[in-house]
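Visitor:
In the UniProt record's numbering, the protein residues as written are 1 to 243.
Set out below in structure tokens:
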């Protein structure tokens, strides 16, 4: 693993690691490795981790954990109808892709130097045992809310497990750096690279001010409240537009 690649081998994995695998050039699937070849991650039923009604639907191709062929994985079983926080074996999580380690507590210079978002953050990680506890707690209670690509996705889940940080905002932007980078820049081709990089730093969970440390035991209730506030805000906005 180096400056331009976070790729690692399986024998380097440790419980509490935030791992990911690229599904397309700009989108990766994220989860928390909890040991014994298992990964806890946040997904949407049938692998439909899209549905934004934007150009992102056409360029993001992601699939549910899959074993290959028509037979379910002997370790995971059939997972195509599952959604929310689930546990998969490492093979099903990777779905044929390579294994990468998400980096924490990096400098802003390193964050900007990375070619793609969704690979690192300036925020520090909590101890591994706390990370695994959060992931398992959310698995048992499925308390991470509803999946949405822009404001509550697999990277948001993994970053929360690692840091305990939750974004408090009525806008459609969670802590996911890969999505926020694209949204902030509106596509690299249409703006100068410098503006793209500035946007990535500004939206990083370790930099932005609208974050708070939330105990996992309180998360499910708080997520429901936040989702309600966001929906109420959108309803008000749409009502104003129709006047």
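Backbone N, C-alpha and C fix where the C-beta goes; we use that ideal spot for every residue, glycine too.
Return the residue from the list 41, 90, 73 that minimises the CA-CA distance to residue 84.
Guide: Ranking 41, 90, 73 by Cα distance to residue 84 puts 41 first.
Visitor: State the DSSP-derived secondary structure class of residue 76, mapped to helix, strand or coil.
Guide: In this structure, residue 76 counts as coil in the three-state DSSP scheme.
Visitor: Taking the alpha-carbon of residue 24 as reference, which of 95, 8, 74, 77 has the nearest alpha-carbon?
Guide: Among 95, 8, 74, 77, the Cα nearest to that of residue 24 is on 95.
Visitor: Taking the alpha-carbon positions, what's the residue 201 to residue 74 distance?
Guide: Approximately 42 Å between the Cα atoms of the pair.
Visitor: Does the distance from the CB of residue 16 to the CB of residue 90 come in under 8 Å?
Guide: For residue 16 and residue 90, no; Cβs fall outside 8 Å.
Visitor: Quick one: residues in its chain with C-beta nearer than 7 Å to the C-beta of residue 204, no 5 flanking neighbours on either side, listed in chain order?
Guide: The residues are 111, 121, 122, 177.
Visitor: Taking the Cβ atom as the reference point for each residue, do residue 156 and residue 125 lie within a distance shorter than 8 Å?
Guide: Contact: no.
Visitor: With DSSP collapsed to three states, give me the class of residue 27.
Guide: Of the three classes helix, strand and coil, the one that applies to residue 27 here is coil, per DSSP.
Visitor: How would you write the range of the alpha helix (DSSP H) that residue 144 sits in, first residue to last?
Guide: It is not in any alpha helix (DSSP H) - residue 144 carries neither H nor E in the DSSP assignment.
Visitor: Taking the Cβ atom as the reference point for each residue, do residue 32 and residue 154 lie within a distance shorter than 8 Å?
Guide: It is not a contact, given that the beta carbons lie outside the stated cut-off.
Visitor: Looking at the structure shown, is residue 43 part of a helix, part of a strand, or coil, going by DSSP?
Guide: Three-state result, residue 43: strand.
Visitor: From residue 6 to residue 206, what distance separates their C-alpha atoms?
Guide: Answer to the nearest angstrom: the Cα atoms are 19 Å apart.
Visitor: Between the alpha carbons of residue 108 and residue 143, how many angstroms are there, rounded?
Guide: For residue 108 and residue 143, the distance between alpha carbons rounds to 32 Å.
Visitor: With a threshold of 16 other CB atoms inside 10 Å of the CB of residue 225, please say whether the residue is buried or exposed.
Guide: Its Cβ having fewer than 16 others within 10 Å, residue 225 is exposed.
Visitor: Name, in chain order, the residues that DSSP records as bridge partners for residue 114.
Guide: Answer is none; residue 114 lacks a bridge partner.
Visitor: How far does the alpha helix (DSSP H) with residue 92 in it extend, from its first residue to its last?
Guide: Counting along the chain, the alpha helix (DSSP H) containing residue 92 begins and ends at 90–94.
Visitor: In three-state terms, what does DSSP make of residue 200?
Guide: Correct three-state label for residue 200: helix.
Visitor: Hey, how far is the Cα of residue 99 from the Cα of residue 220?
Guide: For residue 99 and residue 220, the distance between alpha carbons rounds to 30 Å.
Visitor: Measure the Cβ-Cβ separation of residue 43 and residue 137 and say whether it is below 8 Å.
Guide: The answer is no: Cβ separation not under 8 Å.
Visitor: Roughly how many whole angstroms lie between the Cα atoms of residue 92 and residue 76?
Guide: Answer to the nearest angstrom: the Cα atoms are 8 Å apart.
Visitor: For residue 159 versus residue 150, is the C-beta distance shorter than 8 Å?
Guide: Cβ atoms of residue 159 and residue 150: not closer than 8 Å.
Visitor: On the premise that residue 127 lies in contact with residue 14, defined as a C-beta separation below 8 Å, what is that separation, rounded to the nearest angstrom?
Guide: The pair is not a contact, with the Cβ atoms about 12 Å apart (cut-off 8 Å).
Visitor: State yes or no: is the C-beta of residue 211 within less than 8 Å of the C-beta of residue 167?
Guide: In this structure, residue 167 lies closer than 8 Å to residue 211 by Cβ.
Visitor: Quick one: grab the DSSP three-state call for residue 10.
Guide: Here residue 10 sits in helix by DSSP.
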